[in-house]
Structures are given as structure tokens and as C-alpha cells.
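Numbering (the working numbering), first residue to last: 5 to 382.
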């Protein structure tokens, strides 16, 4: 089959391209970031530079449609936040699109909608207050001594405020867009990633979040069996009759209680744990009964992020030996001796993020989604 992936900047997308290529499919890549991570990959037959969907949605969809027609694409699989723009135009794209309609995706991407959805299914999520005004914010501080504030549309915890003093919160929130407040919960963070069809999970992994880039992006991945988390995800996916890629962030408190913090209805780094399973591609294109999981207990990492983000933090926090063990016992997800060029050229995309970061006064993590992120505008 001819497979078109979008979001080639993400290491998870590179792993997907390699997996589809190994399975005998022809992989094409469409991206708005020039010099993206997957561009030099031998797994990709052709790369196409796209208009930035956040800045020009209509031009993005027209270009996508032309690529699909001209290259006889059978399946389009969006991977990053461009999925929301793809979803808005899915009915005009002449191929299979592995994404739900935008109204359904918004039920999961919007952090307030997600909590409402989960609680409506009798699934555990933190008690949450929607913040639209200073009065709402003061109510939240009267309700909890320690809380977390998040915009309802955000990623990588880039703008999350953890236990901020009231005066800091009052000066930070401009009340021009909604936020949520949740009680601060301490415990062990976990992430999940699943591939689903019609409410059934066909591929799944759960992994603890130990080292991160910034506050939210996990950069070391090791599968663990966690039946309680799997059953939570299984129920959510079934009751929402979900099709696509979906990921969740959880926290397990010291007393064992599990809470789902947020949802990402797209590809995430869990791909790295499943990509080596020969059945992984079938979970997308030809799902068989049952659910595949990682084949082994190998640990994987983003080595560049481990050096840039986790090493300084581990030294500061007295976790250097833990970092050292993780770094030297984990496989780098970008380095593949059969496809080495992305590893050697990965700094090209990093420099692009740094340039955007400097130009717009945002963090490099925020710059990595500057042209594709979606914040609820239909």
C-alpha cells in the first residue's frame, strides 16, 4: 500500500515510517517544517513540504489532497497536532484517513471536555474546576491548598503552573481563554499509547515517566504491565467507540489510586516500544483479534533530549546515577544502522526549533509545534 504520514518532525513518526517500510509498504511524508527529522530517512520514498496548517488551514488541505491524488495514496495517517486540521478536511480527502471527526477529537484534546467525558463514564480523573474568570480562580484556591493550572489547550505541560502562589496565578492568567484547575496529586506518572478500531484496542503499551524534556515530554520509554491502566483505557476507548491512535497521561498516588490527567488523540512516544513488533503495522491496516504489546522489556530513549534536558536536571536533583544507568542501558530511538541519516541530521530540525524559539520568544518545545498546534479554533 501507499502510506502517507504527516508530522515527520516527531521521532514517533520516523519509527512509524520505518515500521511501514519494513512491512513492505511505500511511505510518503508531508510536513510543513523544512529539514524535519524524517526527511533523510531511507524508509521514505518522497517528502513534500506543506503550508503550515495553523497559519493556513485551507492551503494545507488543498496540498494534502493533491499529494494523495498524485501519489495514489491508500492510507493517510496523521501523527502530531496537524491531525486536527486533517480531521477538519477528512471528508474531502480521497483515501482512508486514520482520524476521527474534529468534534469527536475535541472531546479528548480539550482538557475540560476530557475530564467531563471520563467522569461521565465513571472513570477516575482529578476533580477539576473550569477557570474563565478571576472569580473562578479564587474559588479554586479556596477549594484546594495545592493545585495545578493548565490551559484547556496545551501540550508538553509547557504552560502548566504547578502549585503557583495565588499572586503568580493572578498575574499569569489573562482570562482570554479557558484554563482548568485541579488538585495537585503526587505520585508515579505513567503514559500510554494505543491503536484502536471501532472501540477495540489492537496495540497498547504503558510506560512510566521517569525522565522528561521540560515538565511533560517523556524521553525514556520502558513497557510495564499495568492491568488497571489498561482496563481504564479499554473502557474509555470502548465507550467512545474510538478509532485511531490515542494516548493518556496518568498519575498513581502512593495509596494506589489511579487518575487520568489528560488525553492526546494522536501518536506519542509509545510508538517506540511497539514499532519492532512485526504485527504493529497490522494494528493500523488489518487489525486481527487481540491486542499486541511490546515484544520485550528493552528500554528506549531520545539520547539528545537526555543530554540537553535530563542530564542537567538529574545533576541538580541528585539523580545522576539514575540518569547514567538509563542512558547506558537504553537504545536510542533515532539511531538505526540500517537507516542512519536521521541520526546524523537531527540537529538540522533542532536548529529550526531554536530559530523559531528566538524569533517568537517561546521555548524550543513550544516552537516544535508552533505551526501545527490546534487550540480549538474550528
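Note that CB positions come from ideal geometry on N, CA and C, so glycine has one too.
Just so we're clear, the structure is a prediction, and the values are computed from it rather than from any experiment.
TODO: Report the rounded CA-to-CA distance for residue 201 versus residue 294, giving the unit in angstroms.
DONE: It is roughly 12 Å from the alpha-carbon of residue 201 to the alpha-carbon of residue 294.
Q: Enumerate, from N- to C-terminal direction, the unbroken beta strand (DSSP E) stretches of 3 or more residues contained entirely within the region 136-183.
A: Qualifying beta strand (DSSP E) stretches, in chain order: 151-155.
Same chain, Cβ closer than 6 Å to residue 349, five either side skipped, listed in chain order
The beta carbon of residue 349 lies closer than 6 Å to those of 44 in the same chain, with the five residues before and after it left out.
Assuming residue 187 and residue 139 make a contact with CB atoms under 8 Å, what is their CB distance in whole Å? Approximately 19 Å separates the beta-carbon atoms of residue 187 and residue 139; this is outside 8 Å, ruling out the contact.
Do residue 6 and residue 32 have their C-beta atoms within less than 8 Å of each other? Residue 6 places its beta carbon less than 8 Å from that of residue 32.
I think residue 255 touches residue 193, with their Cβ atoms under 8 Å apart; what is that distance to the nearest whole Å? Rounded to whole angstroms, the Cβ separation of residue 255 and residue 193 is 6 Å, and the two are in contact under 8 Å.
Residue 181 burial status per 10 Å Cβ neighbour count (16 or more: buried): Exposed, by the Cβ-count rule.
Same chain, Cβ closer than 6 Å to residue 163, neighbours up to 5 away in sequence not counted | Same-chain partners within the cutoff: 155.
- Close beta carbons around residue 30, own chain, < 8 Å, minus the five adjacent residues each side: Here the set comprises 5, 6, 7 and 49.
Indicate whether residue 20 and residue 338 have their beta-carbon atoms separated by less than 8 Å. Taking 8 Å as the cut-off, the beta carbon of residue 20 is found no closer than this to the beta carbon of residue 338.
(Q) Does residue 1 come out as helix, strand or coil in the three-state DSSP assignment? (A) Residue numbering for the chain in the displayed model covers 5 to 382; residue 1 lies beyond these limits and cannot be assessed.
Fully enclosed by the region 176-248, which beta strand (DSSP E) runs are 3 residues long or longer?
Segments of the beta strand (DSSP E) lying fully in the region 176-248: 183-187, 192-201, 204-212 and 224-226.
Nearest candidate by alpha-carbon position, reference residue 173, set 153, 161 and 160: Ranking 153, 161 and 160 by CA distance to the CA of residue 173 puts 153 first.
Once DSSP output is grouped into helix, strand and coil, what is the label at residue 17? The three-state secondary structure of residue 17, taken from DSSP, is helix.
> With distances taken from CA atoms, which of 297, 272, 274 and 271 is nearest residue 282?
Replying inline: Considering only alpha carbons, the answer is 297.
- Item | Cβ pair count under 8 Å reaching 3, the region 360-375 against the region 65-79 | No, they do not touch.
Helix, strand or coil at residue 255 [DSSP, three-state]: Three-state DSSP puts residue 255 in a strand.
Decide if residue 171 is buried, meaning its Cβ has at least 16 other Cβ atoms within 10 Å, or exposed.
-> It is exposed - the Cβ of residue 171 has fewer than 16 other Cβ atoms within 10 Å.
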